[in-house]
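Peer 1: Got a structure for you, questions after.
Number of protein chains: 6
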Amino acid sequence: MQLSGRNQLKGKITSVDLGAVMANIKIEVSEPNVITAVITKESAEKLGLAEGDDVTAIIKSTEVIIGK
Amino acid sequence: MQLSGRNQLKGKITSVDLGAVMANIKIEVSEPNVITAVITKESAEKLGLAEGDDVTAIIKSTEVIIGK
Amino acid sequence: MQLSGRNQLKGKITSVDLGAVMANIKIEVSEPNVITAVITKESAEKLGLAEGDDVTAIIKSTEVIIGK
Amino acid sequence: MQLSGRNQLKGKITSVDLGAVMANIKIEVSEPNVITAVITKESAEKLGLAEGDDVTAIIKSTEVIIGK
Amino acid sequence: MQLSGRNQLKGKITSVDLGAVMANIKIEVSEPNVITAVITKESAEKLGLAEGDDVTAIIKSTEVIIGK
Amino acid sequence: MQLSGRNQLKGKITSVDLGAVMANIKIEVSEPNVITAVITKESAEKLGLAEGDDVTAIIKSTEVIIGK
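Below you can see the structure in the form of structure tokens.
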């Protein structure tokens, strides 16, 4: 399946922090960039996300703010 | 000003495509990653965004989807 | 690839309306529900979206507002 | 009040899971589709959301990603 | 209908700028704050949005970034 | 740094409620408007957010829904 989401950054999970409802996932995408993703705990568990996993961070282009 | 948005990727604008209301901006953030941002044409003009500008792509962590 | 986005509604495209930067896509997901998606024109073209295509509408759970 | 949000799916709440700050709400909108919504615990309590409630899941069209 | 979206700012439309797919709407919510909303042209037309209309700007709390 | 996010409401924090992963922050932006922001607990701590702080609530225009 191809996705309309233009931004797809490949990386490796460096930490998974589970709360009651949400989870904070850190993904190292390329030196020196780390992406923080907050997803449901439910999703983190269904995908079995763990440190070291190869994943893709997907971000729709309308969600990006530019600072200059 | 510091921002709560966890993801702040520094890069350089490689193209600016203006529509009537929206604008599509390409930002090279690190080999081989390019971020596409869609912002208002109004913002693109107020910030004077142009090819070659050094900018930061800011993405709130709740906006990231993970694919595995 | 599995996605963390919890909401994945399968449907068929019923119309594609291209603007200069954005595109408005209608997806019939199940009687009587039609999903409207606004994506970049660039994505609509790269995926070759056309009437009759079988697609999936993906929505992160943090993007849903509840009305009661 | 009419809303600009194009996607308004009527359904029934099948579960409410409260965390400290957020709440995960499942809404059956039409066979076989279930919508997961993550809202603040505060909102879930102010609206008194409970299993069996008739609700509407509202999603802005810019929040939809298309997979093909 | 009550909405889970915590932020509901009442105001008056001061301008409507229609593009091919999207529309840029300015809403004066309280001195000196003006809210800019980008919605589909389709929604702007279905709601018949025009200068002087009393409207509410609704923003989900997960969409707010804090700067300090 | 200037931001493309059109909506920047200045205000004062009136409460900070920390969960395991997320935090609920209330910001009084102008009588009678209070903005609720949900950000990561991590961000709330890194910015040292506390009652009484002068902050800015930043909202991208594509995130606003209009009710009429």
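Protein chains in written order, with numbering that gives the first Met the number 0: chain A, 0 to 67; chain B, 0 to 67; chain C, 0 to 67; chain D, 0 to 67; chain E, 0 to 67; chain F, 0 to 67. We put the beta carbon where it would ideally sit given N, CA and C, even for glycine.
Quick check on the DSSP output: the beta strand (DSSP E) that includes residue 27 of chain A runs from which residue to which?
Peer 2: Residue numbering aside, residue 27 of chain A sits at position 28 when the first sequence is read from its first letter. Its beta strand (DSSP E) spans residues 21 to 29.
Peer 1: Please name the residue in B/31, B/60, B/62, B/26 whose C-alpha comes closest to that of residue 49 of chain B.
Peer 2: In the second sequence, counting from the first residue as 1, residue 49 of chain B sits at position 50. It is B/26.
Peer 1: Is the CB-CB distance between residue 68 of chain A and residue 23 of chain D below 8 angstroms?
Peer 2: Residue 68 of chain A cannot be examined here, being either before or after the span of chain A that is shown, 0 to 67.
Peer 1: Any idea if residue 18 of chain A is buried or exposed, counting beta-carbon neighbours within 10 angstroms, 16 or more meaning buried?
Peer 2: Position 19 of the first sequence holds residue 18 of chain A. Classification of residue 18 of chain A: buried, given that the 10 Å Cβ count is 16 or more.
Peer 1: Give me the chain F residues within the contact set of residue 39 of chain D, using Cβ-Cβ distance strictly less than 8 angstroms, ordered along the chain.
Peer 2: Here residue 39 of chain D corresponds to residue number 40 of the fourth sequence, with the count starting at 1. Here the neighbours are 23, 35, 37.
Peer 1: By the DSSP assignment, the beta strand (DSSP E) with residue 36 of chain A in it spans what residues?
Peer 2: Walking along the first sequence from the start, residue 36 of chain A turns up at place 37. Where residue 36 of chain A is concerned, the enclosing beta strand (DSSP E) stretches over 32 to 39.
Peer 1: Where do the N-terminal and C-terminal ends of the beta strand (DSSP E) with residue 17 of chain E fall, by residue?
Peer 2: For this step, residue 17 of chain E is matched to residue 18 along the fifth sequence. It spans 6 to 17 - the beta strand (DSSP E) in which residue 17 of chain E sits, taken as one unbroken run.
Peer 1: Given a threshold of 16 other Cβ atoms within 10 Å of its Cβ, counted over all protein chains shown, does residue 13 of chain D qualify as buried or as exposed?
Peer 2: Stepping through the fourth sequence from its first residue, residue 13 of chain D is reached at position 14. Result: exposed.
Peer 1: Please classify residue 21 of chain D as buried or exposed, where buried requires at least 16 other C-beta atoms within 10 Å of its C-beta.
Peer 2: Along the fourth sequence, one-based indexing puts residue 21 of chain D at 22. Buried: at least 16 other Cβ atoms inside 10 Å.
Peer 1: Is residue 42 of chain B close to chain F, meaning its C-beta is less than 8 angstroms from at least one C-beta of that chain?
Peer 2: Locating residue 42 of chain B in the second sequence gives position 43, counting from the first residue. It does; some Cβ of chain F falls within 8 angstroms.
Peer 1: By DSSP, does residue 43 of chain D sit in helix, in strand, or in coil?
Peer 2: Numbered from its first residue, the fourth sequence carries residue 43 of chain D at position 44. Three-state DSSP puts residue 43 of chain D in a helix.
Peer 1: What separation, rounded to the nearest whole angstrom, lies between the Cα atoms of residue 60 of chain E and residue 46 of chain C?
Peer 2: The sequence position of residue 60 of chain E within the fifth sequence is 61, counting from 1. The sequence position of residue 46 of chain C within the third sequence is 47, counting from 1. Looking at the two C-alpha atoms, the distance is approximately 32 angstroms.
Peer 1: Got a sec: is the Cβ-Cβ distance from residue 29 of chain C to anything in chain B below 8 angstroms?
Peer 2: In the third sequence, the residue the question calls residue 29 of chain C occupies position 30. It does not: the Cβ of residue 29 of chain C has no partner Cβ on chain B nearer than 8 angstroms.
Peer 1: What are the residues of the region 0 to 15 of chain C that lie near chain A, defined by any Cβ-Cβ distance shorter than 9 angstroms?
Peer 2: So the close ones are 0, 1, 2, 3, 4, 5.
Peer 1: Starting from residue 56 of chain F, find everything on chain E with Cβ-Cβ shorter than 7 angstroms and list it in chain order.
Peer 2: Taking the sixth sequence and counting its residues from 1, one reaches residue 56 of chain F at position 57. Residues of chain E passing the Cβ test: 63, 65.
Peer 1: Can you tell me where the beta strand (DSSP E) holding residue 56 of chain D begins and where it ends?
Peer 2: Translated into the one-based positions of the fourth sequence, residue 56 of chain D becomes position 57. Looking at the DSSP string, the run of the beta strand (DSSP E) that includes residue 56 of chain D is 53 to 58.
Peer 1: Using 8 angstroms as the threshold, is the C-beta distance between residue 57 of chain D and residue 4 of chain D below it?
Peer 2: Here the question's residue 57 of chain D lines up with position 58 in the fourth sequence. Here the question's residue 4 of chain D lines up with position 5 in the fourth sequence. Cβ distance < 8 angstroms, so residue 57 of chain D and residue 4 of chain D count as in contact.
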